[in-house]
Amino acid sequence: MTGALRLLIPFFLGLVLLAALFRLVPRAPRRRLRRSGILLVLYALILLALFIAHEASAESVAGGLAYAAYTLELLLVINMAALTLFDLLLHGMGWDYPDILHDLAVGAAYLIAAGWLMHRSGFNITSIVATSAVVTAVIGLALQATLGNLVGGLALRADDSIREGDWVELENKSQGQVKQIRWRHTVIETRDWDTMIVPNAQLLAQTIRVLGRRNDEVVPHRMTVLFCVDFRFSPSQVIQVVDDALRSAPIAGVAAEPAPNSVCFDLARENRDSVALYGSRYWLNNLAADDRTSSFVRERIHAALRRAQIPLAMPATAIFLSQDDPERVERKRQRERATYLDALQDVELFARLGAEEKAYLADMARPAPFCAGELITRQGATAHWLYVLTKGQAEVRVADADGHARKVADLKAPSFFGEMALMTGSPREATVVAVSDVECLRLDKDDFKRLMERRPEIAQDISAILAQRRVELLAARQGLDAEAKDQQMVSERGELLAAIREFFGLRGEN
Ligand code: CMP
3 MTGALRLLIP FFLGLVLLAA LFRLVPRAPR RRLRRSGILL VLYALILLAL FIAHEASAES
63 VAGGLAYAAY TLELLLVINM AALTLFDLLL HGMGWDYPDI LHDLAVGAAY LIAAGWLMHR
123 SGFNITSIVA TSAVVTAVIG LALQATLGNL VGGLALRADD SIREGDWVEL ENKSQGQVKQ
183 IRWRHTVIET RDWDTMIVPN AQLLAQTIRV LGRRNDEVVP HRMTVLFCVD FRFSPSQVIQ
243 VVDDALRSAP IAGVAAEPAP NSVCFDLARE NRDSVALYGS RYWLNNLAAD DRTSSFVRER
303 IHAALRRAQI PLAMPATAIF LSQDDPERVE RKRQRERATY LDALQDVELF ARLGAEEKAY
363 LADMARPAPF CAGELITRQG ATAHWLYVLT KGQAEVRVAD ADGHARKVAD LKAPSFFGEM
423 ALMTGSPREA TVVAVSDVEC LRLDKDDFKR LMERRPEIAQ DISAILAQRR VELLAARQGL
483 DAEAKDQQMV SERGELLAAI REFFGLRGEN
């Protein structure tokens, strides 16, 4: 008894010393200190009971109490050692060790202590475990889930696939920030201020998206804001307007790099709604503020579209039922013809035509829009159309002797191109590429031929323009100087006029 009392005092003094040291180490977590305190109080109570049992000469009770006191001494030693090692020393050194490590170390120490106690009481643990297959199976089954979670926790820690602080998305689409990976479960806090407790085994069994981390580096997370615009507005215009607005000034929560960009996802939403679907993608700096940042982005998009007078479309399904009565068709045709006629007025090539011929051309013209970067004619291809450029800009390119494409000329509306091959029957002399979104009117070869039969002098106008363009092409291909260009001009013009007349079967009096 006095021996036990002798131990109570050092335990008490040790705990007081530990408590004092905990005050000195600023980062040391004090939550586990209390457990040792409770064990000490329990130990003191058992010692008191032991004293009373001795006094009452209740020797069998005293034997049991002495055993309990010994067990508590072991527990106290283990707990105080863990406090000193983990909470004081390791925390004091600034190592933020995972809780699971502490729990495993203490758990292993408890097991060893239990083994020691059983051995001391005369139990043969090895034979118990070895012979009792049933007990082992029952324990195995009972611990199956727990062991799975424990192993899961260890695996998560070991392979470092998910870390505390990471933002993750689970298979059920819920997102949150990993707060703690504990020995049985992982604690995930959602943006809605809720906490998800996910068993580690379950976490390992599913595909988890770690948001905003790539190649082990924290990167901004890409977000997409969707909006719909009537599909009659050109996607390139909508994208330009929105991208300009999103990039014009910083938006809180949006990374400057990569810069926001927009795409047209669909020209008819879900292949049924009569609206085009767009998505503006931006990179989120702060994953906690996703909704708020998306809202800022939507505000920008909304304002930009309103400024450009592009209305946001309501998701709508329109079923057009129109009766094609001849009057309605004629009205539509008249409207188109008026627009085309307007566009043809300013084209140099048709300056000498009278109102009737221009009206004829307007009748024959077909609209042909191209977006920036598209090829309109390809060098070497067979020609079917003459193009009148009514809106936008294009570039004429020709392949030089080494096969490299060289820019020969810029074409700006109002202008025309594609006449060379059409007039002479040779393949396209150059490639024409849309530099911006362009609007063209196309005239087919036969319609144009009919016009020339009515007004053969147009061949003369064209031959002059054609000769000049051809000389420029030759200069680009063969590197002619100014004098060579002039000489070439004279001979080209005569040759071209003859070639055009022959190709179209025109008489030669004009
Ligand atoms: P075509 O050869 O039918 O197809 C390519 C067109 O590019 C060509 O007709 C001309 O209309 C145009 N083109 C070629 N060279 C020039 C130039 N120097 N300036 C403007 N247009 C040109």
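Mapping to our numbering: the sequence shown position 483 is 485, numbers consecutive. The beta carbon of each residue, even a glycine, is placed where N, CA and C say it ideally should be.
Between which residues of its own chain and residue i is the CB-CB distance below 7 Å, once the five residues before and five after are set aside?
i	result
Ser465	Arg495, Leu498, Leu499 and Ile502
Ala290	Arg193
Arg249	Ala261 and Pro262
Gly382	Pro429 and Arg430
Met454	Ile460, Ala461, Phe506 and Leu508
Leu42	Phe13, Phe14, Leu17 and Leu78
Leu85	Leu20, Arg34, Leu35 and Ser38
Asp402	Arg408, Ala478 and Arg479
List the residues that DSSP assigns as beta-bridge partners of residue i.
i	result
Phe506	BP columns for Phe506 are empty, so no partner.
Thr379	Val434
Lys393	Glu441
Ile183	Thr188
Ala407	Ala401
Ser264	Ser282
Arg224	Trp285
Ligand 1 and residue i: does the residue's C-beta get closer than 7 Å to at least one heavy atom of that ligand?
i	result
Glu441	no
Arg430	yes
Gly405	no
Ala385	yes
Phe372	no
Leu343	no
Thr226	no
Gly1	Residue 1 cannot be examined here, being either before or after the span of the chain that is shown, 3 to 512.
Gly420	yes
Leu377	no
Val231	no
Val1	With the chain represented from 3 up to 512, any question about residue 1 goes unanswered, as that position is not in the structure.
Leu391	no
Val398	yes
Ala411	yes
Leu351	no
Express the C-alpha separation of residue j and residue i in angstroms, rounding to a whole number.
i	j	result
Ser417	Asp232	30 Å
Ser2	Ala306	Limits of the chain in this structure are 3 at one end and 512 at the other, which puts residue 2 out of reach.
Thr148	Ala110	16 Å
Gly154	Ala203	5 Å
Pro31	Ala315	57 Å
Asn151	Glu301	45 Å
Asp483	Asp365	43 Å
Gly384	Ala432	The sequence shown places Thr at residue 384, rather than the Gly named in the question. Approximately 11 Å between the Cα atoms of the pair.
Gly427	Ser296	57 Å
For residue i, which residues of its own chain have a beta-carbon under 8 Å away from its beta-carbon, when the five flanking residues on both sides are left out?
i	result
Lys360	Leu343, Leu346, Gln347 and Phe352
Gln182	Asp101, Glu166, Thr188 and Val189
Val79	none
Using 10 angstroms around the beta-carbon of residue i, count the other beta-carbons present and answer buried if the total reaches 16, otherwise exposed.
i	result
Glu511	For Glu511, the predicted structure reports a pLDDT of 47, less than 50, and the residue's modelled location is therefore unreliable. A value from the coordinates is still provided. Exposed is the call here.
Pro328	exposed
Ala55	buried
Val1	Missing from the structure shown is residue 1; the chain here goes from 3 to 512 and no further.
Gly255	buried
Phe229	buried
Gly65	exposed
Ala14	The amino acid at residue 14 is misidentified as Ala; the sequence shows Phe. When all chains shown are included, Phe14 counts as exposed.
Trp118	exposed
Gly178	buried
Going by beta carbon distance, what residues of the same chain come within less than 6 Å of residue i, once the five residues before and after it are set aside?
i	result
Leu377	Val435
Arg308	none
Ala340	none
Val18	none
Arg472	Glu494
Using a Cβ-based criterion (distance less than 7 Å to any ligand heavy atom), does residue i qualify as near ligand 3?
i	result
Leu424	This structure lacks ligand 3; the ligands present are ligand 1.
Against chain D, with Cβ distances strictly below 8 Å, would residue i count as a contact?
i	result
Gly154	Absence of chain D from the displayed structure is noted, only one protein chain being present.
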